[in-house]
Structures are given as C-alpha cells and as structure tokens.
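Encoded as structure tokens, the structure appears first; notes follow it.
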Amino acid sequence: MPRSRRRRDFLRPQASRVEKHRRSRNARPAWFARLKRIITTREIRVEDYDEDISELEESTDDESDHGDGSDGSLYSQLKEEREERKFELEQLDDQKTEMLNCHKAKEAEVHAAYRGFKKARRKAKKNGSTISIDSILGQEFELFSSDYVEEFGMQGSRTARKRVSFYSREFIKSGTENVEVEGKKMVIGDVYLDSEVNTELESFPLPTRARRKNLNVDCTCGDGSLRFKFFGNGYLMLSIPRSLIRGDAEILKSDAPEFVPFVGTLIDPKKEKRKRIEAAVRIESMRSFSPKKNWFNMNHPMGASVSEVVMLSMIEKLGSMK
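With full-length UniProt numbering, letter number 148 in the sequence shown gets 148, and the count goes up by one each step, no holes.
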C-alpha cells in the first residue's frame, strides 16, 4: 500500500522568508569571530587577516555586507579591510612570480655560461694551459637567486636590486696599507642585498684565472665566509651564508641549507645609462602633451612643449651612445 504524503498544515505558523533571510544575515563567518576575539586583547594587525584569507569569496558573503545588529558596523569594516588585504596579497603574489621568472632566467643564462667554461677548461687542460679572465677591479655584478626570492623576496626592502662590487685599496685611499701581498694584487669589495644585508669583503688575491673551485672570502661583519666562483665572460657564482641573510642563526630551520646560491652578471655602465634614458623616454612619450595650447606655442615658430624638448634631448643622447 503506497505511503501517504504528509500534508502541510497551513494553520501552523511558518517562518516567513523575511525571518529566514534575517537569520542568515545575522550569521557571521568564523573569521569574524576570530578577529573579534583578537580585538578584545589588542588592535588588529594586517597579518591577522592572513590566517583564513583563502576562504574569502569574491562573490557574496550571504548578503551580510552591511550587517545587522550591534556588530554590523564592525563586521562591514573588517570585511572591507579583509578584502583589501586579499587584493594586496594577490598583487604581491603576481610581483613575486614576475621576479622569480626574471631570476630563474638569469640563473639559466649563467649556468649555461658555466657549462661552456667547464667544456673549455677540459680542452685547455688537455693542452696543458689555463683560461685567463678579465680583471674584476672596478667591476660590479648584479646578483640573482630564485631561492632567495622564494624565501625572502617580498619582505620589505628584500626586493631591492642586489649587487657585488670589487675595487682595490687604492680606490678608498687606505693610507699605508699594502695593495700587494706576496707579489699578488689584493682586491676588496662589498655585497648589497637589501638595507639589512650590506657587508664589506675582506681583502683577497685578485683572481686572474678561471677556476671551478670556490674562493672563500671573509666578510668584515664576522658572520662567516662567502664562496665565489670566478670563471670569466662577465659572470660569477656566489654562495652567501643563510645566517648572514637572516641576521639570526637561531631562527634557521634544522633542514635549511647553510648557504643561499646566487649568480652574478656584469653590469655595463653604458648599457645601464641607456636603459635609464630609454625608460625616461617611454614615460615622457606616455604623457599627454596637449601641445600648442597657449598663445606662444600656437603662434610662435619656436613654440614647443617642454616635454617635447626633453624627449628630443633624450633621443639625441641615445643616438650618441650607439
């Protein structure tokens, strides 16, 4: 015998749609309860939004954007700040991806050059010769490391351009200090990663031959040695103690590598100047000139906007640098 369907009792009071909607609007998500607990002890910090930020939906949050009840205003404020924080994190993630791609491309370039050096070295070794390299005195190398970007890259000044520079003691006029030790010319330098990691290098013999072995160079801060590989062609490899980058060896993970690897590419001052001028020209060309708006520019044969004059000057400089 078929089961009879339960009939709806139309005389029994039913919750209205408005009441159901109001209950759903008053229900707050878990992240709001968590932040409310924090507020009872201290002010909200931007990092407090990060714990469950991935749960943030871009569509709707059961239509409680404006909020009801005594905490409605607080909910709306925190929700807006939380959305702003997620947007900020997404922007940082995009920037980190772009930076990673740049550093990985430079690493691939230097590693390819290093493989070429090893091949040339084997050939030279068979002939009983070595490979000479250009002097690094007065040279500056830009440093790249995808490992560094992964771990430290987007923290404050960590995004700064990284470099290592080399020069002789004569350059800094160090008085009576010898520029040669046992007939070998000595070189000093400094490494800049960011505002917190900027260390000078102790003097070391000027490399004249390409080598596979690391050259250990102490830093004046006393936090260990840096490992250099000089193999010419405007490239180098460098390993920096992780404790120097962190600034505190105690917070290192037990399984973290002792050194962070970097590669370096020679900075050409002329190319750098050209890049700066080209960038300035691009910026200037993107501006809205609105030329010939005043009487002088509209009627005088010498009339020209300042922007046009500046850009023409930059283009002339570019031409002279070719």
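Even glycine gets a Cβ: it sits at the ideal position worked out from N, Cα and C.
Opening and closing residue of the beta strand (DSSP E) in which Tyr49 lies: That residue, Tyr49, is in no beta strand (DSSP E); it is neither H nor E in DSSP.
Collapsed DSSP secondary structure at Pro269 in the structure displayed: helix
Best match in Ser54, Asn127, Glu84 and Lys96 for proximity to Ser145 [C-alpha to C-alpha]: Lys96
Distance, Glu151 Cα to Ile53 Cα: 20 Å
Span separating the alpha-carbon of Ile136 from that of Gly116: 20 Å
CA-to-CA distance, Arg28 to Glu80, given in whole angstroms: 14 Å
Proximal residues to Glu142 (C-beta, below 6 Å), its chain only, five neighbours per side dropped: Arg163, Thr265 and Ile267
Assumed close pair Ile131, Ala113 - CB separation to whole angstroms, cut-off 8 Å: No, Ile131 and Ala113 are not in contact; Cβ-Cβ is about 13 Å, not under 8 Å.
Backbone secondary structure at Leu137 - three-state DSSP: coil
Coarse secondary structure for Ile188, derived from DSSP in three states: strand
Rounded separation between Leu206 and Gly224 - CA only: 20 Å
Residues near Phe32 by beta carbon distance below 7 Å, same chain, minus five either side: Tyr75 and Leu78
7 Å Cβ shell around Asp147 - same chain, five flanking residues per side excluded: Val260 and Pro261
Residues near Lys118 by beta carbon distance below 8 Å, same chain, minus five either side: Arg212
Contact check, Ala256 vs Ile133, beta carbons under 7 Å: no
Other residues of its chain near Lys184: CB distance less than 6 Å, five sequence neighbours each side excluded: Pro205
Secondary structure of Asp132, DSSP reduced to three states: Looking at the sequence itself, residue 132 is Ser, so the reference to Asp does not match. Strand at Ser132.
Val187 vs Thr199 beta-carbon contact at 7 Å: no
Among Ile39, Ala160, Arg85 and Phe87, the one whose alpha carbon lies nearest that of Met99: Ala160
Opposing strand residues paired with Phe87 [DSSP bridges]: DSSP output for Phe87 lists no bridge partner at all.
Where the alpha helix (DSSP H) through Leu35 begins and ends: Ala30 to Ile39
Residue-chain proximity (Asp134, chain D), Cβ-Cβ < 7 Å: Note that chain D does not occur in the displayed structure, where there is just one protein chain.
Proximity of Tyr235 and Val110 at Cβ, strictly below 7 Å: yes
Glu140 vs Ser165 beta-carbon contact at 7 Å: yes
Where Ser76 sits in the DSSP three-state scheme: helix
Neighbourhood of Glu258 by C-beta, 7 Å cutoff - its chain only, sequence neighbours within 5 removed: Pro241 and Arg242
Opening and closing residue of the alpha helix (DSSP H) in which Glu151 lies: Ser146 to Phe152
Under 7 Å between C-beta atoms of Leu244 and Phe228: no
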